[in-house]
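Quick notes on the structure that follows.
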């Protein structure tokens, strides 16, 4: 499969602050690749470097297996941190300017404006736009020249719930057309909903890279409820196959050691006289896995 | 280059600030030129070098003198166009559009060339304006005009173009390192009118004449002494011209070096 972006050993320090440490990631064609991490983990720094606006301290990157020439960026649609446009130009004029920079001969600006739902305001100056409209114009701009890959940094930041849903829908619509998407986010939920692959960053270090499914199905837990929680606890703690046990409202959240089946556990509980009111497999949410990853690496 | 100019044109065409400053420059130069006689009459009082000489009685507006006198006066108002260069550069940092231009696929070198392109266009515009005003003034002095005299001193117009272009590249350099409109303008004024004069007092004449602002300004020296002292016929010195162009190249290269290193 074609590699869209290869990043090798990228580091960036601002004086004594190390924003990024020896990062390597690979994005393949068709991926919806999430870069996930809390604020200050190096997401924007990474995207800034591969888009040519931040100079890396060490390391290299390559787009489309062809290097890092600025001409290659014309095939990328990118929206970093906030929509940056000329305030006194209207939406249409701003996109015309971007099309000129990208060497798009037939930019189909109207079509892109309609796709992003901003066509009605195309003749208003950018300075009069609301946050949501700015974001939509930026999305329309990233689609100019039918890019092979979209790079989005916190694309739903600062939007109202309706705007967030709209933008996520747009991203999925774009991804369904086979366009590769690289997206930075601190919202786990967003990555879980939109992405196929994910790299988790913390303080400039990569903690995990792989597809979202493998992160989700790493290990499953079981939720067990009973009318008599005290008895449940006593019985459970005697079961040798328990890896971890966590009390939740009205139930216990159990993780089993490798080689133990949930059927063995339920049989064990019944023979010990526990009345089970609730017994469910629970795939851990990405959020839990994410927090798990972060806490594991706490030095 | 044409493509870069088109991009730059799109950025400026709807900016009211751009048109206001360009118009202001054109109006100021036109007004002063058209009233140069009365202007000189009043200026006379302030010029100690020229006692008891009524410049309005001298052929200051006849060919070929008009070229030297007009470009000298017009040179004072290049600062208005320098403000266009400064705001166009610093606004790109305030709005983070320079960053976006690079992300969208411009190289940093191209971005800088597009701004130097703007500087060239502004310098050309003002040079043509001065050329037209000079012709108008020269032909309306009521004296017989002999063809060769019109063109003998056009080197002053060329020097005017160099003076403006180098000054604009210097302004571009300042805006690039400071990134903010107000501060850049203040530094431009402070260096031009305070720092360099102080510096030049403490340096020997041979050196102080080659500080950047002096070099640019000395391309065309104060022209009116020639009406008193016939031996004092100013010319455009080739050495001075080479120095000025040299400064333009240096400020251009420094801008490129700094811009390449910058995280946008």
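Chains as they are written, first to last, in our numbering: chain A, 897 to 1195; chain R, 98 to 361. Note that beta-carbon positions come from the ideal geometry of N, C-alpha and C, so glycine has one too.
Span of the alpha helix (DSSP H), counted from its first residue to its last, around residue 924/A: Per DSSP, residue 924/A belongs to no alpha helix (DSSP H); it is in the beta strand (DSSP E), 913-924.
ask   = Between the C-alpha atoms of residue 1122/A and residue 1135/A, what's the straight-line distance to the nearest angstrom?
value = 16 Å
Three CB pairs or more closer than 8 Å across the region 333-345 of chain R and the region 252-269 of chain R: yes
Review point. What's the call for residue 972/A, buried or exposed, on a 16-neighbour Cβ count within 10 Å?
Key: buried
- Query: Using a C-beta cutoff of 8 Å, does residue 360/R count as contacting chain A?
  - Reply: yes
- Mapping DSSP to helix, strand and coil, what is residue 351/R? helix
To the nearest angstrom, report how far apart residue 232/R and residue 247/R are at their CA atoms.
-> 8 Å
inquiry  = In whole angstroms, give me the CA-to-CA distance for residue 1079/A and residue 1108/A.
reply    = 13 Å
| request: Run through the region 235-294 of chain R for me and flag every whole alpha helix (DSSP H) of 4 or more residues, listed as ranges in chain order. | output: 244-248, 252-275, 278-287
query: DSSP on residue 999/A, reduced to helix/strand/coil?
result: coil
Between residue 297/R and residue 305/R, what straight-line distance do the alpha-carbon atoms span, to the nearest angstrom? 5 Å
Can you name, in chain order, every residue of its own chain whose Cβ lies under 8 Å from the Cβ of residue 1022/A, other than the five neighbours on each side?
-> 981, 982, 983, 984, 985, 986, 987, 990, 1030, 1033
Using a cut-off of 7 Å between C-beta atoms, extract the partners of residue 982/A located in chain R.
108, 192, 194
Exercise. Does DSSP put residue 954/A in a helix, a strand or coil?
Worked result: strand
>> Using a Cβ-Cβ distance cut-off of 8 Å, determine whether residue 99/R contacts chain A.
In response: no
Next on the checklist: Can you look up residue 1195/A in the DSSP assignment and give me helix, strand or coil?
Outcome noted: Because residue 1195/A carries a pLDDT of 43, less than 50, the predicted location of this residue cannot be relied on, and no value is offered for it.
Report the residue ranges of all alpha helix (DSSP H) runs contained in full by the region 158-238 of chain R; include only those spanning at least 4 residues, in chain order.
162-172, 175-191, 194-200, 205-236
message = Cutting at 6 Å between CB atoms, please list the residues of its own chain near residue 1195/A, excluding the five before and the five after it.
response = Its pLDDT being 43, under 50, residue 1195/A is placed unreliably by the model, and nothing is read from it.
Open item on the list: Cβ closer than 7 Å: which chain A residues qualify as neighbours of residue 168/R?
Closed with: Chain A residues near residue 168/R: none, gap ~33 Å exceeds 7 Å.
- request: Have a look at the DSSP bridge pairing and note the partners of residue 1174/A.
  value: 1121/A
* To do: Verify the CB distance criterion: does residue 966/A have a CB-CB separation below 8 Å to chain R?
  => yes
Alpha-carbon spacing of residue 1094/A relative to residue 1171/A, whole angstroms: 41 Å
Check your understanding: Which value, in whole angstroms, describes the spacing of the CA atoms of residue 1084/A and residue 1176/A?
Key -> 23 Å
Taking its Cβ as the centre, do 16 or more other Cβ atoms sit within 10 Å of residue 104/R, making it buried, or is it exposed? buried
**Report entry** Opening and closing residue of the alpha helix (DSSP H) in which residue 122/R lies
**Finding:** 113-131
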